[in-house]
Amino acid sequence: MQFERNLIAFKVVLGNGLLIQDFERSRKKSYINILPILSTKDQAGNEVYETLELIQCEDPDLQDYYCIDYSKVTKNKMNEPFLNYFPNDNQKQKLEILMLYCTDGLSYPYTECATYEEIQKEIVNLSTQTYVRITGQQYNPKTRQYEKKIKQEQFQLSDSLVFLGKFSLKSTTTTINDGFIIQKESSKTYISDYQKTNEYNTFTYMQAQLQLNMIGAYHFQLEENGKSEYVQFVQFPSVLAQFVSVFNSLLVVGIICKGFTKSEIIQDFMEIQLKNYYKKSAIEFMQEVETKKQQKTISIFFQNNLFNIYKQIRRGKTKKDDPKQIKIYKKLMDSTIEQINIYDIQKELLKLKIMVRMSFTVEQYAALQLCGLRIILDENIQNIDDSFQEKSDNYLTESTGNEQKQTIYLEENNLNQKMSQQNTKAEFEENMLKLEEKNNKKLKNLNFQSLTLNHLEKIERLERDNNYFEQQIDKYFSQKNLKTQLDQRILDCLINYRQHQLDTQSFIPINNSNTINQ
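According to this note's numbering, the sequence shown is numbered sequentially starting from 4.
See below:
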């Protein structure tokens, strides 16, 4: 896998808080040599070492740390190496960082090394700390981004023991499948975590094995077990599947509830029909219905069942339902189901409404709306003029008629002006004849439009036009002959009504001076 640029960073801090590079700069001497080495085994099993260099970390969060420059071992001088894992030998390739006593052979040119005693006195003691910081990553599905995962380890230096920190880096491959309708897949392998083990050896043993004066070392290698993650975001099919499952559940519940409620409604409608249309046979059917309702209770069911069995044993035969009653019951149920249709019920109500309105005159229907209202009467008001009543009946058509009459007069005047310019008398008479025929047609249309307001339209107008309603009320009470039984019943339902001369202003409510109140 490919390393991140700032994956591994480290620093050395003295007991007084100074960084090792600052301390060396102040003393103008080198005390320790830090060597990053990439170790790889060849085909013969021999280790091949390649020395790398240290650079300042580019990450602002790693300002005081050193990072490794991998440009020598990467393609196109890139600062990100590829670290490989070999199943047969997991240490075939590893990255090492060695901390050594400063020696002239390993130091930079023109660099003066401190003496062995100075190094032990100033650097190699328990107050000096080394820090290793590993920046891993992890994918956050909520933000849909890779986030940093930083962990830090600390080591102490000793003049008698050499520390060895081994880091097994855990790699993770995250595959992301994103897209609500069109899916897009992306994959990335990165270091997500590590496992650390600490070892300590004597200074003498390490000097004899490596021929180097070591202070400590870090080893980094890939762990044999990797981790794979697959992130699948919500897709349209999954959302649709969840919706369909919920919809199917609701549909099943709806079907069950529909059948139950429909049976209850049918039963109630049948009871109404039996009571009203089939009074002779209603008693038998109603007893059967009540029996079915009672059988819903478990205790009553068992009692009735045992009693019926006892009666059957006594009689020696089982009583069967009368097939004629069953047929009548089925026909009644079918007719009830047909009558439950809401559209048919609406049609029947509309017909009934029309029949009721047709049985009243416009004035009677208006007076019927006052039933139960308290009427305040004024005995000194004169009778209403009948001519005003007749004009108010044609309220809707007057404006249209006036406009059309005005149009006729304008056309006649325009034509007269044109005729005055004509030369012959024959042309004048011919044009006058055409104008008369045209005006007669328009007047006929005008008279026809004035008659289009039929009885039902006038009654509907009562409900939306308060002025027209008051005019019809006045017209009704101004009639001299109110002796029919229907008129008498309408007058009897009015509160405080007395037989006097009435006017529009005599019908006013108690709480309001302009309208009729209940």
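Ideal Cβ positions, reconstructed from N, Cα and C, are used throughout, including at glycine.
query	result
Have a look at L167, Q148 and I153 and flag the residue whose alpha-carbon is nearest the alpha-carbon of T177.	Q148
Taking Q155 as the reference, give the member of K97, N204, K14 and S163 with the closest Cα.	K14
Once the 5 residues before and after Q482 are set aside, which same chain residues still bring their CB inside 7 Å of it?	none
Check each candidate in Q96, L160 and T200 and name the one with the smallest Cα separation from N49.	Q96
Can you tell me where the beta strand (DSSP E) holding K124 begins and where it ends?	From DSSP, K124 is part of no beta strand (DSSP E) but of the alpha helix (DSSP H) over Y119 to E125.
Taking contact to mean at least 3 C-beta pairs separated by less than 8 Å, is the segment 213 to 228 in contact with the segment 161 to 180?	yes
Using the rule of at least 16 other Cβ atoms within 10 Å of the residue's Cβ for burial, across every protein chain shown, is C260 buried or exposed?	exposed
Counting C-beta neighbours from all protein chains within 10 Å, is the total for M217 16 or more, i.e. buried, or is it exposed?	buried
Residues in its own chain within less than 8 Å of K152 by CB, not counting five upstream and five downstream?	T138, G139, Q140, Q141, S195 and D196
Could you check what DSSP says for T43 in three-state terms: helix, strand or coil?	strand
Since A369 and L254 are thought to touch, with beta carbons under 8 Å apart, how far apart are those beta carbons, to the nearest angstrom?	No, A369 and L254 are not in contact; Cβ-Cβ is about 51 Å, not under 8 Å.
Between which two residues does the alpha helix (DSSP H) holding T207 run?	F206 to L213
Where does Q235 land, buried or exposed, given buried means 16+ other C-beta within 10 angstroms?	exposed
Check this for me: beta carbons of K230 and T175, under 8 Å apart or not?	yes
Buried or exposed for Y113, going by 16 or more other Cβ atoms inside 10 Å?	exposed
Residues in the same chain with beta-carbon distance under 6 Å from Q392, minus the five sequence neighbours each way, listed in chain order, please.	In this prediction, Q392 scores a pLDDT of 47, lower than 50, which makes its location untrustworthy; the coordinate-derived value is nonetheless stated afterwards. The answer, listed in chain order, is K478.
What is the DSSP secondary structure of V234, reduced to helix, strand or coil?	strand
Can you tell me the Cβ-Cβ gap for V365 and K461, rounded? I've got them flagged as a contact below 8 Å.	5 Å
What residue from I493, L109 and E227 has the CA that sits closest to T54's CA?	L109
Please return the same chain residues whose Cβ sits closer than 7 Å to the Cβ of V256, not counting the five positions on each side in sequence.	none
Bridge partners of H222, per DSSP?	E99 and K169
Quick one: Cα of L22 to Cα of V16, how far?	5 Å
Just the C-alpha distance for D107 and R28, rounded to the nearest angstrom, thanks.	17 Å
Please state whether DSSP places R136 in a helix, a strand or coil.	strand
Under a three-way DSSP split, which group does F158 fall into?	strand
If you check the beta carbons only, do Y530 and L164 fall under 8 Å apart?	The structure shown does not extend to residue 530, since the chain spans only 4 to 521, so no value can be given for it.
With DSSP run on the structure shown, which of helix, strand or coil describes S362?	coil
Please check the pair N128 and L103, which I expect to be a contact at CB under 8 Å, by giving their CB distance rounded to whole angstroms.	Between L103 and N128 the Cβ distance is about 17 Å, and since that is not below 8 Å, they are no contact.
Considering only C-alpha positions, which residue in the set D490, T487, F363 and L101 is nearest to H458?	F363
If we ignore side chains and look at the alpha-carbon of each, how far apart do C105 and Y52 end up?	20 Å
Helix, strand or coil: which one does DSSP assign to S130?	coil
Going by the CB atoms, is the gap between A117 and K173 shorter than 8 Å?	no
Compute the distance between the beta-carbons of L371 and I493, then report whether it is under 8 Å.	yes
Looking at the structure shown, is D477 part of a helix, part of a strand, or coil, going by DSSP?	helix
For a test of the three-state rule: what should DSSP assign to D25, helix, strand or coil?	helix
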